[in-house]
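Chains as they are written, first to last, in numbering that gives the first Met the number 0: chain A, 0 to 281; chain B, 0 to 305. Working notes for the structure below.
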Amino acid sequence: MFPTPIEKTPRSWQLTYQSLLPLALIMWLLPLIAVAVFSIKPAVDFTQGNYWGLPSSFEMFANYGQVFFNSDMPRYMLNSVLITVPTVIGAVTLSCLAGFALGIYKFKANIWVFFMFVAGNFVPFQILMVPVRDLTLDMGLYNTKTGLVLFHVAFQTGFCTLFMRNFIRALPYELVEAARVEGIAEWKIFWYVVIPLMKPAIAALSVLIFTFIWNDYFWAVVLTQGPESQPVTAGITSFNAQFRAAYHLMSAGSIVAALPPVLMFFLMQKHFIAGLTLGAVK
Amino acid sequence: MTDTPAEQSAAPRGWYKRNEIAVTPWLFLAPAILFFAFYVIWPIYQSIMISFYDWDGLGEARFIGMDNYVELMDDGAFEVSLWNNLKWLLFYLLAIPGGLFIALFLNQTVTGIRIYKSLFFFPFVLSQVVVGLVFSWFYLPNEGLLNGVLGLVGLGPVNVLGDPTLATYGIIAAGLWPQTAYCMILYLTGLNAVDPEQIEAGRLDNAKGWKMLWYIIIPQLKPATFIAFVVTIIGALRSFDLISIMTNGGPFGQTRVLSFYMFEKALSEYGFRMGYGAAIAVVLFLIMLVFITYFLWSMWKEEKAR
Numbered sequence: 000m001f002p003t004p005i006e007k008t009p010r011s012w013q014l015t016y017q018s019l020l021p022l023a024l025i026m027w028l029l030p031l032i033a034v035a036v037f038s039i040k041p042a043v044d045f046t047q048g049n050y051w052g053l054p055s056s057f058e059m060f061a062n063y064g065q066v067f068f069n070s071d072m073p074r075y076m077l078n079s080v081l082i083t084v085p086t087v088i089g090a091v092t093l094s095c096l097a098g099f100a101l102g103i104y105k106f107k108a109n110i111w112v113f114f115m116f117v118a119g120n121f122v123p124f125q126i127l128m129v130p131v132r133d134l135t136l137d138m139g140l141y142n143t144k145t146g147l148v149l150f151h152v153a154f155q156t157g158f159c160t161l162f163m164r165n166f167i168r169a170l171p172y173e174l175v176e177a178a179r180v181e182g183i184a185e186w187k188i189f190w191y192v193v194i195p196l197m198k199p200a201i202a203a204l205s206v207l208i209f210t211f212i213w214n215d216y217f218w219a220v221v222l223t224q225g226p227e228s229q230p231v232t233a234g235i236t237s238f239n240a241q242f243r244a245a246y247h248l249m250s251a252g253s254i255v256a257a258l259p260p261v262l263m264f265f266l267m268q269k270h271f272i273a274g275l276t277l278g279a280v281k
Numbered sequence: 000m001t002d003t004p005a006e007q008s009a010a011p012r013g014w015y016k017r018n019e020i021a022v023t024p025w026l027f028l029a030p031a032i033l034f035f036a037f038y039v040i041w042p043i044y045q046s047i048m049i050s051f052y053d054w055d056g057l058g059e060a061r062f063i064g065m066d067n068y069v070e071l072m073d074d075g076a077f078e079v080s081l082w083n084n085l086k087w088l089l090f091y092l093l094a095i096p097g098g099l100f101i102a103l104f105l106n107q108t109v110t111g112i113r114i115y116k117s118l119f120f121f122p123f124v125l126s127q128v129v130v131g132l133v134f135s136w137f138y139l140p141n142e143g144l145l146n147g148v149l150g151l152v153g154l155g156p157v158n159v160l161g162d163p164t165l166a167t168y169g170i171i172a173a174g175l176w177p178q179t180a181y182c183m184i185l186y187l188t189g190l191n192a193v194d195p196e197q198i199e200a201g202r203l204d205n206a207k208g209w210k211m212l213w214y215i216i217i218p219q220l221k222p223a224t225f226i227a228f229v230v231t232i233i234g235a236l237r238s239f240d241l242i243s244i245m246t247n248g249g250p251f252g253q254t255r256v257l258s259f260y261m262f263e264k265a266l267s268e269y270g271f272r273m274g275y276g277a278a279i280a281v282v283l284f285l286i287m288l289v290f291i292t293y294f295l296w297s298m299w300k301e302e303k304a305r
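Here it is, written out as structure tokens:
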């Protein structure tokens, strides 16, 4: 193990390390801690200039209640869910199919199709912006959740296919060969042999895509406007405009907007990290 | 080989059955390729085409050849954006050594270390919008914590986001926060897989500290470094959310980057110049293309090595 395991180092360094850890963590999360503290302060603290002292009273319920019951926030959150969940299902489904084709079959165009997905996944959003916005307008899907979902599914398919294909490549190919010898139809091999083995990849990818899509801001701004279809990342800016300079409410709103992916991460940590670091180790 | 006697004697088989192995992959690929071609590949071509037109997005588009690109040459805002993109590329890469440093710091087995690792990684899960808000409040000249801390040691106050020269660096620092967390997790995974025998061999040869890190550990972390490099470059060139949230391009347009300037030209209140915006996007795309080609080339080499 590198660096030298702490138990093999002098006692003095062990103690230093143990006290350095929490200190480093507090420094690292300082901006966030400040916002968390902001979100439980009363408005009075800001007018009186008590910005970074302790809250003069504990207003967590009042502030968060304001966010949940007296703003468009729940609406935006619901929109985010209705955009994120179908995208995850769509992108994971498409990429399971495509990943199977690219991971199992050997044909001439294989590597080129694969590279098309990889390259497309790296493209800057801006080069797609004008045509995709036009396309969405032409289909009558501008400012709808469907329009946003369709685009997200298509774009995420690039990354997802890369992920799935690499995962399937690492599976034992003999299983497929054995099934073929048995005369099992190809689609049955997909469904009964490969899909059960892909469960960890599907879980990892779902968590990742959930986070990516929930956190998307650019496309939300380009393809939607207004509370009837905007997700929470775009909604938070109108929320902040509504509560201009009310830092306690804006902080509470931001924390609420950030919460679902954070929960997802802490609940599914193993899958999340497995997904992010696929390929970081040979 | 397919026409073995057994198969010929079998009942006439359908065309699909005979070509199953050749056709199946395309059936499986069809939905993904259709979606991807429709929403990603085709729009790239369309954008390139639009960049040769003068178009407000509604009326008739007028072909003007290279005029948009010629105009870019003299556009001061474009030049600022290009320089800022360069700054982003350069300073964003600090996330890689930063992530390695934190990973080395956390690669221990003391009690509770797992929670420390998750909490250090946690900024990556936040949306860039929230990161942008959190940092813009952190930087506030009066209410912000940064100036509170600086005040304690007798410095400041600085208005980071209000200062034309400082603002871009302030935004990059905000971007580095989640990006470093990402690189950290890549390196933690990589460190886990480092061959303990090589470390022991190194220790026997008296390799210590920096030498051990440089000659034995870092070479083994190459796959993690490659991914960290890819995601950091892409992230740097995609920077849009933070700028839009933190400064909206200001002060005096000094924090614009190509992705933001393009959006401003094509979609914001400054007018709907789709052709001009598309031309900016094409420039950004060409910069990205250099990196994409390099990434694909590395992946291709690896595929062949298998």
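Ideal Cβ placement from N, Cα and C applies to all residues, glycine included.
Cutoff 7 Å; reference residue i; Cβ partners in own chain excluding five residues on either side
i: Val131 of chain A; result: Phe150
i: Trp213 of chain A; result: Ser79, Thr83, Pro259 and Pro260
i: Lys291 of chain A; result: The question about residue 291 of chain A has no answer, for chain A in this structure spans 0 to 281.
i: Met263 of chain A; result: Val206, Phe209 and Thr210
i: Ala42 of chain A; result: Ala245 and His247
i: Ala235 of chain B; result: Trp87, Leu88 and Tyr91
Spatially closest choice to residue i from the options, by CA coordinates
i: Gly98 of chain B; options: B:Met183, B:Gly208 and B:Arg305; result: B:Met183
i: Tyr181 of chain B; options: A:Val43, A:Leu14, A:Gly274 and A:Asn49; result: A:Gly274
i: Glu176 of chain A; options: A:Val152, A:Gln155, A:Ile103 and A:Leu127; result: A:Ile103
i: Leu134 of chain A; options: B:Ala280, B:Ser46 and B:Asn18; result: B:Ser46
i: Ser348 of chain B; options: B:Phe35, B:Pro42, B:Ala36 and B:Asn67; result: Coverage of chain B is limited to positions 0 through 305, which leaves residue 348 of chain B absent and any answer about it impossible.
i: Phe284 of chain B; options: A:Val122, A:Asp215, A:Val152 and A:Glu227; result: A:Val122
i: Val87 of chain A; options: A:Ala97, A:Gln229, A:Asn109 and A:Ala202; result: A:Ala202
i: Glu199 of chain B; options: B:Ala166, B:Leu187 and B:Ile215; result: B:Ile215
i: Leu154 of chain B; options: B:Leu144, B:Ala21 and B:Gly161; result: B:Leu144
i: Met72 of chain A; options: A:Phe242, A:Asn142, A:Thr276 and A:Lys269; result: A:Phe242
i: Gln178 of chain B; options: B:Tyr15, B:Val130, B:Ser135 and B:Gly58; result: B:Val130
i: Leu29 of chain A; options: B:Ile112, B:Trp176, B:Glu78 and B:Gln107; result: B:Trp176
i: Lys198 of chain A; options: A:Phe1, A:Asp44, A:Val91 and A:Phe68; result: A:Val91
i: Tyr288 of chain A; options: A:Ser38, A:Val280, A:Val231 and A:Leu222; result: This structure cannot settle anything about residue 288 of chain A, because the visible part of chain A is limited to 0 through 281.
i: Leu101 of chain A; options: A:Met128, A:Ile126, A:Ile167 and A:Ala233; result: A:Ile167
i: Phe225 of chain B; options: B:Ala304, B:Phe262, B:Met298 and B:Ser238; result: B:Met298
i: Tyr16 of chain A; options: B:Lys303, B:Leu85, B:Tyr44 and B:Ile101; result: B:Ile101
N-terminal and C-terminal residue of the alpha helix (DSSP H) that residue i is part of
i: Trp190 of chain A; result: Trp190 of chain A -> no alpha helix (DSSP H), and no H or E assigned at all.
i: Glu263 of chain B; result: Leu257 to Leu266
i: Gln107 of chain B; result: Neither: Gln107 of chain B is in no alpha helix (DSSP H) and is coded neither H nor E.
i: Pro199 of chain A; result: Lys198 to Trp213
i: Tyr181 of chain B; result: Ala166 to Asn191
i: Pro250 of chain B; result: Here Pro250 of chain B belongs to no alpha helix (DSSP H), and DSSP marks it neither H nor E.
i: Leu26 of chain B; result: Glu19 to Phe35
i: Arg12 of chain B; result: Unbroken run through Arg12 of chain B: none, as it is neither H nor E.
i: Ser243 of chain B; result: Asp240 to Met245
i: Ser157 of chain A; result: Here residue 157 of chain A turns out to be Gly, not Ser, going by the sequence shown. Per DSSP, Gly157 of chain A belongs to the alpha helix (DSSP H) from Lys144 to Arg168.
i: Lys105 of chain A; result: Looking at the DSSP string, Lys105 of chain A is not in any alpha helix (DSSP H), and its letter there is neither H nor E.
i: Trp136 of chain B; result: Gln127 to Phe137
i: Tyr115 of chain B; result: Ile112 to Phe120
Contact set for residue i: own chain, Cβ-Cβ below 6 Å, skip 5 residues either direction
i: Phe271 of chain A; result: Val206 and Phe264
i: Thr246 of chain B; result: Leu160, Ala166 and Thr254
i: Gly89 of chain A; result: Val152
i: Gly119 of chain A; result: Gly157
Residue(s) in a DSSP beta bridge with residue i
i: Arg61 of chain B; result: B:Asp53
Neighbourhood of residue i by C-beta distance below 8 Å, restricted to the same chain and skipping five residues each side
i: Pro218 of chain B; result: none
i: Gln65 of chain A; result: Leu248 and Ala251
i: Pro222 of chain B; result: Gly189
i: Ala34 of chain A; result: Residue 34 of chain A is actually Val in this sequence, not Ala. Here the set comprises Ser250, Ser253 and Ile254.
i: Pro156 of chain B; result: Pro140, Asn141, Asn146, Leu149 and Gly150
Residue i - DSSP class collapsed to helix/strand/coil
i: Trp375 of chain B; result: Lying before the first or after the last residue shown, residue 375 of chain B is absent from chain B, which here runs from 0 to 305.
i: Asp66 of chain B; result: helix
i: Val122 of chain A; result: coil
i: Pro9 of chain A; result: coil
i: Leu363 of chain B; result: Because chain B is modelled from 0 through 305, residue 363 of chain B falls outside the range shown and cannot be assessed.
i: Gly234 of chain B; result: helix
i: Gly89 of chain A; result: helix
i: Gly143 of chain B; result: coil
i: Thr3 of chain B; result: Any reading at Thr3 of chain B must be qualified, since the residue scores a pLDDT of 46, below 50, and its modelled position is unreliable; no value is offered.
i: Arg272 of chain B; result: coil
i: Val36 of chain A; result: helix
i: Ala279 of chain A; result: coil
i: Ile183 of chain A; result: coil
Contacting positions in the segment 233-251 of chain B - beta carbon closer than 7 Å to chain E: Judged by its chain identifiers, the structure shown contains no chain E, and its protein chains are A and B.
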